[in-house]
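Below is one structure, written out as structure tokens, with a few remarks after it.
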Amino acid sequence: IIVQYIEEAWGNKAPILVPKDPYDRAIARFWAAFIDDKLVPCLRVVFTGQGEQQQKALEESVANLVVLEEALRTTPCSSGKLYFGGDEIGFVDIALAGVSAFVKALEKITNSGFIDMPLLSAWIDRICEDNRVKEIMLDPAKMQESIAALRLIL
Numbered sequence: 001i002i003v004q005y006i007e008e009a010w011g012n013k014a015p016i017l018v019p020k021d022p023y024d025r026a027i028a029r030f031w032a033a034f035i036d037d038k039l040v041p042c043l044r045v046v047f048t049g050q051g052e053q054q055q056k057a058l059e060e061s062v063a064n065l066v067v068l069e070e071a072l073r074t075t076p077c078s079s080g081k082l083y084f085g086g087d088e089i090g091f092v093d094i095a096l097a098g099v100s101a102f103v104k105a106l107e108k109i110t111n112s113g114f115i116d117m118p119l120l121s122a123w124i125d126r127i128c129e130d131n132r133v134k135e136i137m138l139d140p141a142k143m144q145e146s147i148a149a150l151r152l153i154l
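Numbering (the UniProt record's numbering), first residue to last: 1 to 154.
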């Protein structure tokens, strides 16, 4: 909804976040929905869950990350592009960037090896190093400390 607002309010002055082509636009929306509807809820349970519930969520999270790894093979990234949307950060990149620091922190806390996926790992490193993203994203090391402290409370 925010992306639609940006496009409508700022028109040509806004960066192109969602592809103009209807098919590519639908694909971007699909992957953003996948991240929001499948990956984020699993990661939340990995963080808040205990025992079997947490283990199941961890397995589902890894399975969802494998799906994203495969998506990187079939998107513009597979043809030498840096991001899901091509040469510039786009809608899907923004959706996944929002959880990438969390994924990196959880990987270390749970010793789960989430990012034993070369394309996704490289994408996360790239997005976390982008200066525009660095300005607004939490540092994964600080997030790891916060998550570890909160998990002790939970």
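Glycine included, every Cβ here is placed at the ideal spot set by N, Cα and C. Keep in mind the model is a prediction, meaning the values are calculated, not measured.
What distance in whole Å lies between the Cβ atoms of Ala-32 and Val-92, which are believed to be in contact at a cut-off of 8 angstroms?
That belief holds up - the Cβ atoms of Val-92 and Ala-32 are roughly 6 angstroms apart, short of 8 angstroms.
How long is the line joining the alpha carbons of Leu-119 and Leu-72, rounded to whole angstroms?
The alpha-carbon atoms of Leu-119 and Leu-72 are separated by roughly 7 angstroms.
In the DSSP output, which residue or residues are listed as bridge partners for Tyr-23?
Its beta-bridge partners do not exist; DSSP assigns none.
Which of helix, strand or coil does DSSP assign to Gly-86?
Strand, per DSSP.
Who are the near neighbours of Ala-105 in its chain, counting only those whose CB is closer than 7 angstroms to its CB and skipping five residues on each side?
So the qualifying residues of the chain are Pro-140, Met-143, Gln-144 and Ile-147.
When we look at the beta-carbon of Val-46 and count the other beta-carbons within 10 Å, is it buried (16 or more) or exposed?
With 16 or more Cβ atoms within 10 Å of its Cβ, Val-46 is classed as buried.
Helix, strand or coil: how does DSSP classify Ala-141 here?
Helix.
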